[in-house]
Amino acid sequence: MWKTYCIATIAFVAYFQYATAEKAAIVQLRNPDGANNVTGTVTFRKSDNGVINITGQITQLTAGNHGFHIHNLGKIDSGCLGTGAHFNPHNVSHGAPNDTVRHVGDLGNVYADATGTANISFTDDLIDLEGDHSIIGRAVVVHQDADDLGKGGQNDSLTTGHAGARLACGVIGILDEGETSAAPTLLAGGWYRLVIATVASLCLYYSLL
């Protein structure tokens, strides 16, 4: 009997952890000082396999590649300098998105066409919307120049990709696309996780007696 209760409770915990996990985020990009007209919107959606789908559009760029990174801080003052360095929790060198060694925030380049528009659609399996690699509350920065992906041999290739000035930035926030179940809304407070986990532990304890 206790084993049945225990299994049911653990399944209950797993369901609510999944149901309340962040599934999408969004960032609105602009130059905070009005130094240029670059603007854009980018969304980050987490798929069932954990990969983040990144889509959006940025306009008023010059044609060509532009460095596109997640930076540490959600502070977009001083021409985006307030965002700090690239998001790099493991203190490693800058690299390309598909490199084994790279900053978590290294998302490579976005390409702007002849009209100055960059249409974005790619995936990344290192950034996340929760946990140690969460990008929530951090900033996206679009740079003036192309990211050399750490391979350009410049003094700053292994830190910034020699991507130049910061054209636009924005703070990444949670995107509420509506709940698929009433349960997460009713139990949205973090306290319920502790309560359910405690009940699960007690179930396990008594099942072993």
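Heads up: the sequence shown runs through residues -21 to -1, 1 to 188, numbered per mature numbering (1 follows the signal peptide of the UniProt record, and there is no 0).
All C-beta atoms in this analysis are idealised placements derived from N, C-alpha and C, irrespective of residue type, glycine included.
| Query | Result |
| --- | --- |
| Would you kindly work out how many angstroms separate the C-alpha atoms of Q133 and A144, rounded to a whole number? | 15 Å |
| How do the segment 78 to 88 and the segment 52 to 62 stand: do at least 3 beta-carbon pairs fall below 8 Å, yes or no? | no |
| Report the three-state DSSP secondary structure of G87 (helix, strand or coil). | strand |
| Does the distance from the C-beta atom of I151 to that of G29 stay below 9 Å? | no |
| Count the other C-beta atoms from every protein chain shown that fall within 10 angstroms of the C-beta of G84, then say buried if there are 16 or more, exposed otherwise. | buried |
| Quick one: which unbroken beta strand (DSSP E) runs of 3-plus residues sit fully inside the segment 3 to 52? Chain order, please. | 3 to 8, 18 to 25, 31 to 38, 43 to 50 |
| Spatial neighbours of V120 within its chain, please: C-beta separation below 6 Å, excluding the five flanking residues on both sides. | H48, H50, C59, T62, R145, C148 |
| Less than 8 Å between the CB atoms is what I'm expecting for D126 and G87, so what's the real figure, rounded? | 6 Å |
| Under the three-state reduction of DSSP, which class applies to T102: helix, strand or coil? | strand |
| For H82, which three-state DSSP category applies? | coil |
| Indicate whether K2 and D107 have their beta-carbon atoms separated by less than 9 Å. | no |
| Going by CA-CA distance only, name the one from N10, S136, G110 that's closest to Q39. | N10 |
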